[in-house]
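Before any comments, here is the structure.
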Amino acid sequence: MGSLAYAESSQASANRAINEAQDSIYVAYKSIAQAEQAGGDVTNLVDLLNTAVSLLEDARDSYEQEDYSTAYEKAVEAESIAETVKQNADDLQARASFARTLQIIVIPLAIVLAVIFSYIFIKRGWKWLERKADEEFLEMEIGIPEEDED
Amino acid sequence: MSKRRMEENLIFIAVAVSTMIVVSMLIYTAVTSPPSESFSVISILGPNQDASYYVDEVNVGETIDMYILVENHENRAEYYVVKFKLGDVNTEISDNQPASLSTRKTYQKILNDKESWQFPVDVSISERGNDYRLIFELWRYNENTGDTEYTGNWVQVWLDVR
Chain B
107 MGSLAYAESS QASANRAINE AQDSIYVAYK SIAQAEQAGG DVTNLVDLLN TAVSLLEDAR
167 DSYEQEDYST AYEKAVEAES IAETVKQNAD DLQARASFAR TLQIIVIPLA IVLAVIFSYI
227 FIKRGWKWLE RKADEEFLEM EIGIPEEDED
Chain V
7 MSKRRMEENL IFIAVAVSTM IVVSMLIYTA VTSPPSESFS VISILGPNQD ASYYVDEVNV
67 GETIDMYILV ENHENRAEYY VVKFKLGDVN TEISDNQPAS LSTRKTYQKI LNDKESWQFP
127 VDVSISERGN DYRLIFELWR YNENTGDTEY TGNWVQVWLD VR
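From first to last, the protein sequence lines are chains B and V. Numbering-wise (the working numbering), the first sequence opens with residue 107 and increments by one. Numbering-wise (the working numbering), the second sequence opens with residue 7 and increments by one.
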């Protein structure tokens, strides 16, 4: 009777752990999707989350084979990895959003500055060329060809 | 201000404004350019891991020698779920409606954009019969609805079990 109750308890725990791991993986994937949308590179996070997905599949296989303790262990491990991925994905999303905001400010500012500096340089350059042309003109000597005395 | 200087200033202002317009248009085009067409692919490969030959007959309980290939061209990471269902000549399935059969086995993986995933099909059939349909449906997890949804992509192989 006691062992039957233990088996049922073990099965229930494994089942609950599997469901919780699946939920955590879904939540982590949602964070990855948001981080990617914000412009972050999620390649490594996807690889890590796939480790959790693989562990969850192993947990399900163990559960089907009535190896509930292994199923429980693998599901708990999968959940732990998924939580780490979620944390990292949230951090990545925050960084990517900040970088994008910075881009929105910096790029137009850089364009405006580039135009202003171009304007100043071209104008100064133009003036310099004009001045040089004037100087050359002023330095020109008027020469009168010598007449032949013959 | 002399007339000549005024003309110069006007030219510079015109150049500056033109530059700003051109640069703004380039940035707008870069930012708002539509992404390339998005789609997912599922296909069956034979024992040689290509489409040249498929097993059409197996023994009872024998593991079927074939592979499934999933490709992600959705311009984003996708959480794919492949559902294996065992049907027959009467099974109805379409691009809009998955087969109303129980799922025998699921395979899942998250794929980055432009990434593919190939895996062996480790299933077997425990009863003799002809015209079995091994159906593989491609589903994906929608993080907005919190559910897996049918992509409309599916593949099948007809099989006799002796």
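All C-beta atoms, glycine included, are put in the ideal place defined by N, C-alpha and C.
Helix, strand or coil at residue i [DSSP, three-state]
i: L107(V); result: coil
i: E14(V); result: helix
i: R134(V); result: coil
i: N183(V); result: Outside the modelled stretch of chain V, which goes from 7 to 168, sits residue 183(V), for which no answer is possible.
i: N125(B); result: helix
i: E142(B); result: helix
i: L129(V); result: Inspection of the sequence shows that residue 129(V) is occupied by Val rather than by Leu. Three-state result, V129(V): coil.
i: I131(B); result: helix
i: I19(V); result: helix
i: T1(V); result: Past the boundaries of the shown model lies residue 1(V); chain V is included only from 7 to 168, so the question cannot be answered.
i: I27(V); result: helix
i: I33(V); result: helix
Nearest residue (CA-CA) to residue i, options the options
i: W164(V); options: F18(V), E80(V), K91(V); result: K91(V)
i: A188(B); options: N121(B), G231(B), D129(B), A165(B); result: D129(B)
i: I54(B); options: T157(V), E149(V), V161(V), G158(V); result: Residue 54(B) lies beyond the residue range present for chain B, which begins at 107 and ends at 256; the question has no answer from this structure.
i: A195(B); options: F223(B), A144(B), Y174(B), D164(B); result: A144(B)
i: N159(V); options: I50(V), P126(V), G152(V); result: I50(V)
i: E163(B); options: V148(B), L151(B), N150(B), E179(B); result: E179(B)
i: T190(B); options: R122(B), D153(B), R230(B); result: D153(B)
i: T112(V); options: S160(B), S119(B), V148(B), T149(B); result: S160(B)
i: I210(B); options: S30(V), I17(V), L16(V); result: S30(V)
i: A181(B); options: E245(B), Q171(B), A165(B), S175(B); result: A165(B)
i: S203(B); options: Q140(B), G231(B), S168(B); result: Q140(B)
i: R110(V); options: E170(B), N156(B), V218(B); result: E170(B)
i: K136(B); options: S106(V), R82(V), I131(V); result: R82(V)
i: I99(V); options: E143(V), G135(V), P53(V); result: E143(V)
i: E185(B); options: E126(B), S115(B), M246(B), I248(B); result: E126(B)
i: T154(V); options: F18(V), Q114(V), L16(V), Y73(V); result: Q114(V)
i: G93(V); options: S106(V), S24(V), V28(V); result: S106(V)
i: S42(V); options: R134(V), D119(V), R146(V); result: D119(V)
i: I222(B); options: N15(V), A22(V), L16(V); result: A22(V)
i: N156(B); options: I116(V), N15(V), V95(V), E77(V); result: I116(V)
i: V167(V); options: Q55(V), V66(V), A20(V); result: V66(V)
i: E14(V); options: P214(B), G231(B), L198(B); result: G231(B)
i: Q199(B); options: L151(B), L219(B), T176(B); result: L151(B)
i: R134(V); options: V76(V), Y147(V), V64(V); result: V64(V)
i: I141(V); options: V127(V), S132(V), L16(V); result: V127(V)
Range covered by the beta strand (DSSP E) that runs through residue i
i: V161(V); result: 153 to 167
i: I74(V); result: 73 to 79
According to DSSP, residues forming a beta bridge with residue i
i: N54(V); result: Note: N54(V) sits in no beta bridge, so no partner.
i: R139(V); result: G93(V), W164(V)
i: S46(V); result: N78(V)
i: E63(V); result: D166(V)
i: E84(V); result: L117(V)
i: L144(V); result: V88(V), N159(V)
i: T112(V); result: K89(V)
Residue range of the unbroken alpha helix (DSSP H) whose run includes residue i
i: P126(V); result: Taken as a continuous stretch (DSSP letters only), P126(V) belongs to no alpha helix (DSSP H), being part of the beta strand (DSSP E) at 122 to 126.
i: V82(B); result: Examination of residue 82(B) is not possible in this model, given that chain B is present from 107 through 256 alone.
i: R237(B); result: 174 to 245
*Quick one, which residues of the region 131 to 144 of chain B are near chain V if we go by CB-CB under 7 Å, in chain order?*
Y132, Y135, K136, I138, A139, E142
*For the region 156 to 176 of chain B, which residues have a CB atom closer than 9 Å to at least one CB atom of chain V, in sequence order?*
N156, V159, S160, L162, E163, R166
*With 8 Å as the C-beta to C-beta threshold (strictly closer), list the residues of the region 224 to 236 of chain B near chain V in chain order.*
S224, Y225, I228, K229, W232
*Taking only beta carbons into account, state which residues of the region 209 to 225 of chain B come closer than 9 Å to chain V, listed in chain order.*
I213, P214, I217, V218, A220, V221, I222, S224, Y225
*Listed in chain order, which residues of the region 29 to 57 of chain V have Cβ atoms closer than 9 Å to some Cβ of chain B?*
V29, S30, I33
_chain B contacts from the region 70 to 98 of chain V (Cβ-Cβ distance under 7 Å)_ = R82, A83, Y85
*Any residues in the region 107 to 125 of chain V with a beta carbon nearer than 7 Å to a beta carbon of chain B? Which ones, in chain order?*
Q114, K115, I116, N118
*Listed from N- to C-terminal order along the chain, which residues in the region 142 to 159 of chain V have their beta-carbon within a distance smaller than 8 Å of any beta-carbon of chain B?*
Y147, E149, G152
*Listed from N- to C-terminal order along the chain, which residues in the region 176 to 190 of chain B have their beta-carbon within a distance smaller than 8 Å of any beta-carbon of chain V?*
From the region 176 to 190 of chain B, no residue has a Cβ closer than 8 Å to chain V.
*Just by C-beta distance, which residues in the region 17 to 29 of chain V are closer than 7 Å to chain B?*
F18, A22, T25, M26, V29
*Between the region 196 to 209 of chain B and chain V, which residues of the former have CB atoms less than 8 Å from a CB of the latter, in chain order?*
none
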